[in-house]
Amino acid sequence: MKTKKIIALTLSLAMVLGVVAACNKTDESDASAASDASAATSAAASGATTAAPESQAPEAQVSEYTELTVADVSDEGDGVLVYGWNDEFPGLVAKYSSVDIGDPVLTESNSYQAKLDQVLDSGEDAPDLFVCDADYASKYMNSDNTLPINDLGIAYSELSEMYNYTLQFATDDDNVIKGLAWQACPCGVFYNRTLAETYLGTQDPDELAAKFATWDDFLESAREVNEASNGEVKIVSGMDDIWRAYLNTRSQGWIVDGELYIDPVMEDYFDMAKALYDEGLTFETSQWGEAWSANMANKSVVTYWGPMWLLNFCMGFQDGSNPTQGDWGITTAPGNFFWGGTWMMASQYCDMKASCAQIMRDIAIDEANLQDMAEGGEFVNNISIMTALASDDSFGVANLGGQNPLAALLAAATTIDNSTVGENDQAINDAFNTVVNSYVQGDIASVPDAETQFEAALEEAGII
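Using our numbering, you'd call the opening residue of the sequence shown number 52 and step up by one each time.
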């Protein structure tokens with residue numbers, strides 16, 4: 052069958068560079084990728100992939116959320132002021148919406164929250180519409196600084212195709228939806244086909260899924276790769292490559308009834324990180340570091356774990372710096388997890404409600420626009436579109452040698468529980484990883500001692 056070609060989103064060069072820049076920052080914010088960079092090659096070259104689930108949730112469970120009176124809105128200002136941290140969102144607006152947003156205010160990612168906090172506190176030069184990523188979006192959802200989407204004239208009935216976790220994430224404490232996302236970010240395990248065949252004996256995604264079916268299986272596979280390569284190849288570049296697969300499979304968040312709660316899943320991560328470190332099963336790199344990125348191209352690391360934006364914009368395929376394009380596949384992780392995402396929110400100072408609602412509809416609801424994004428490599432926030440593409444054997448991605456990645460990602464998108472995310476998670480996550488690193492390196496004697504230091508750090512920061 053003739054392979055369907057992926058049509059890259061015709062975003063401006065500035066937008067592309069903005070997204071790529073996000074892949075090189077030192078924090079763990081997502082790049083919110085918008086497209087695959089080139090046409091797909093033959094799907095036949097990729098082999099089989101994990102089969103798509105036979106059935107999917109037919110629609111988001113919008114009845115679970117508290118809906119307010121849907122307002123009749125109009126524009127009362129003289130233009131829409133947009134805030135963001137790179138050109139991705141403005142580029143999408145330019146491509147898919149008729150609303151003119153003029154010159155958006157773009158602030159470097161490490162300073163973005165501080166800028167938002169300043170203008171939202173004072174109201175001076177505050178945005179009508181702004182975007183936040185998953186690490187801190189809930190901080191603004193759970194404040195008076197953002198408006199319910201009902202106040203913009205958007206009814207919950209318009210959201211029936213959205214993945215439930217993206218709505219779950221976008222609520223305030225009263226279960227009112229305050230933001231919309233155009234993409235979902237379910238994760239899989241991207242693997243180098245040549246290395247997998249050489250050191251794990253297969254490049255078939257279903258057979259590799261069995262090697263990562265549980266964390267015990269993963270650890271055994273890590274040992275297998277290390278032994279077979281005499282330590283020259285590792286299963287992951289650093290232990291933090293897998294940490295979100297633990298973090299985002301918790302049953303409880305970090306703060307429960309005002310007190311620190313360490314989910315047993317995270318205690319398991321202490322043990323896994325220690326095993327990987329003590330047995331020399333990684334290169335001990337850090338995500339976003341130069342060595343971490345270099346290992347994507349030098350055929351020394353078998354797997355990288357993440358969503359489509361990681362593949363499309365952070366592995367060097369877009370600028371041609373990674374010669375291994377097409378020699379990658381995707382399979383499933385030990386559990387369904389997500390990483391990242393971008394949510395649009397209107398500020399309490401918004402006086403362009405009709406235009407902001409139009410932008411939200413154009414970017415996150417309009418099916419023709421979402422279909423175009425999906426065919427460009429985005430995992431869009433529309434159940435029907437992604438389910439159809441997952442079962443389309445003519446759809447493929449060039450970076451994966453023509454493999455259709457969506458079947459491997461679909462189950463994660465429909466089962467993710469995002470209720471564990473809290474408004475201070477970025478700071479808490481940083482503090483947690485600090486004590487994990489100290490523990491595995493022997494600077495902290497035990498897991499209980501590490502947990503004590505973790506709690507003390509949160510108390511010092513005023514989080515608990």
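For every residue, glycine included, the Cβ atom is placed at its ideal position computed from N, Cα and C.
Please read all numbers here as calculations on a predicted model, not as lab measurements.
(Q) Once DSSP output is grouped into helix, strand and coil, what is the label at residue 390? (A) Counting from one through the sequence shown, the residue named residue 390 turns up at place 339. Coil at residue 390, not helix or strand.
Q: Go through its chain and collect everything with a Cβ distance to residue 150's Cβ below 7 Å, but skip five positions before and after it.
A: As a working note, residue 150 is residue 99 in the sequence shown. Answer for residue 150: 131, 144, 406, 409 and 410, listed in chain order.
Q: Could you tell me which of 311, 449 and 440 sits nearest to residue 371, measuring between CA atoms?
A: Residue mapping note: residue 371 aligns to position 320 of the sequence shown, counting from 1. Residue 371 has its Cα closest to that of 449, out of 311, 449 and 440.
(Q) For residue 474 and residue 134, I'd like the C-alpha separation in whole angstroms. (A) As a working mapping, residue 474 is identified with position 423 in the sequence shown. As a working mapping, residue 134 is identified with position 83 in the sequence shown. Between residue 474 and residue 134, the C-alpha separation is close to 19 Å.
Q) Mind checking residue 307: buried by the 16 CB within 10 Å criterion, or exposed? A) Reading the sequence shown from its first residue, position 256 is the one you call residue 307. Exposed, by the Cβ-count rule.
Q) What's the C-alpha gap between residue 501 and residue 515? A) Along the sequence shown, read from residue 1 onward, the residue named residue 501 stands at position 450. Along the sequence shown, read from residue 1 onward, the residue named residue 515 stands at position 464. So the two alpha carbons sit approximately 17 Å from each other.
(Q) Tell me the DSSP secondary structure of residue 294 in three-state form. (A) In the sequence shown, counting from the first residue as 1, residue 294 sits at position 243. When DSSP states are grouped into helix, strand and coil, residue 294 belongs to the helix group.
Q. Where does residue 363 fall in DSSP's three states?
A. Working through the sequence shown from its first residue, we reach residue 363 at position 312. Three-state DSSP puts residue 363 in a helix.
(Q) Could you tell me the alpha carbon to alpha carbon distance between residue 329 and residue 167, rounded to whole angstroms? (A) Taking the sequence shown and counting its residues from 1, one reaches residue 329 at position 278. Taking the sequence shown and counting its residues from 1, one reaches residue 167 at position 116. Going by the C-alpha atoms only, they are around 42 Å apart.
Q.
Below 8 Å on the Cβ atoms is my contact criterion, and I expect residue 275 with residue 250 to pass it. Report the Cβ-Cβ distance as a whole number of Å.
A. Here residue 275 corresponds to residue number 224 of the sequence shown, with the count starting at 1. Here residue 250 corresponds to residue number 199 of the sequence shown, with the count starting at 1. About 7 Å separates the two Cβ atoms, so the contact holds.
Q | Among 341, 211 and 217, nearest to residue 183 - alpha-carbon criterion | A | As a position in the sequence shown, residue 183 is number 132, starting the count at 1. The residue with the shortest Cα to Cα distance from residue 183 is 217.
Q: Verify whether the separation of the beta carbon atoms of residue 364 and residue 346 is less than 8 Å.
A: Position 313 of the sequence shown, counting from 1, holds the residue named residue 364. Position 295 of the sequence shown, counting from 1, holds the residue named residue 346. Cβ atoms of residue 364 and residue 346: not closer than 8 Å.
Q. Beta-carbon separation of residue 433 and residue 418 under 8 Å?
A. As a first step, residue 433 is located in the sequence shown; it is residue number 382 there, counting from the start. As a first step, residue 418 is located in the sequence shown; it is residue number 367 there, counting from the start. In contact: residue 433 and residue 418 (Cβ atoms closer than 8 Å).
Q: Quick one: residues in its chain with C-beta nearer than 6 Å to the C-beta of residue 506, no 5 flanking neighbours on either side, listed in chain order?
A: Here the question's residue 506 lines up with position 455 in the sequence shown. Hits under 6 Å: 311.
Q) Hey, is the segment 426–446 in contact with the segment 191–203, meaning 3+ C-beta pairs nearer than 8 Å? A) No, because fewer than three Cβ pairs between the segment 426–446 and the segment 191–203 fall closer than 8 Å, the two stretches do not touch.
(Q) Excluding the 5 residues flanking residue 87 on each side, which residues of the same chain have their C-beta closer than 7 Å to its C-beta? (A) Here residue 87 refers to the residue found at position 36 when the sequence shown is read from its first residue. At residue 87, the pLDDT of 37 sits below 50, so the modelled position is not reliable; the number obtained from the coordinates is stated separately. Hits under 7 Å: 57, 59, 363, 427, 428, 448, 449 and 450.
Q. Pick from 255, 398, 369 and 320: whose alpha carbon is nearest that of residue 480?
A. Within the sequence shown, the letter at position 429 stands for residue 480. When each option's Cα is compared against that of residue 480, the closest is 320.
**Q.** Buried/exposed call for residue 169, threshold 16 Cβ in 10 Å
**A.** Within the sequence shown, the letter at position 118 stands for residue 169. Its Cβ having fewer than 16 others within 10 Å, residue 169 is exposed.
Q. Exposed or buried, residue 148, counting other C-beta atoms within 10 Å across all chains shown (16 or more means buried)?
A. Within the sequence shown, numbered from 1, the residue matching residue 148 stands at position 97. Under this definition residue 148 is a buried residue.
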